[in-house]
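The structure appears right after this line, and notes come after that.
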Amino acid sequence: MPMEKTFNATEAEARISKHWIEGKAGRAGANARPGAPAFSVMIPPPNVTGSLHMGHAFNNTLQDILVRWHRMQGHDTLWQPGTDHAGIATQ
171 MPMEKTFNAT
181 EAEARISKHW
191 IEGKAGRAGA
201 NARPGAPAFS
211 VMIPPPNVTG
221 SLHMGHAFNN
231 TLQDILVRWH
241 RMQGHDTLWQ
251 PGTDHAGIAT
261 Q
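Per my numbering, the sequence shown starts with residue 171, numbered consecutively.
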């Protein structure tokens, strides 16, 4: 595949988005009923400026309980780890 001289972000975004949509990326679907509502939780990483504490564990435990409950209700659930919530690591 030849490399273009300049990067075309519009074309790349459209191509990659199409691939993700066709592959159903971001849709968990475990035990989901047809037409069931979606339920998703994004898990941010802990701040790089602090240390882990019981609050982090408690927060993740609550998220786990909610996601499992919605999954048992037949909802299309997704518990997505690794979102950047503050951009601290890049600043």
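For glycine and all other residues, C-beta sits at the position ideal for the given N, C-alpha and C. No experiment lies behind these values; they were computed from the predicted model shown.
Just to confirm, are THR180 and ALA208 a CB contact at a threshold of 9 angstroms?
no
Review point. What's the gap between the Cα of TRP249 and the Cα of ASP234?
Key: If you take the alpha carbons of TRP249 and ASP234, they lie about 8 angstroms apart.
Just the Cα atoms here: how many angstroms apart are HIS189 and ASN178? The straight-line gap from Cα to Cα measures roughly 17 angstroms.
Please work out which residues of its chain come closer than 6 angstroms, Cβ to Cβ, to HIS245, disregarding the five sequence neighbours upstream and downstream, and give them in chain order. ALA206, PRO207, PHE209
- Query: Any idea which residues DSSP pairs SER210 with across the strands?
  - Reply: LEU248
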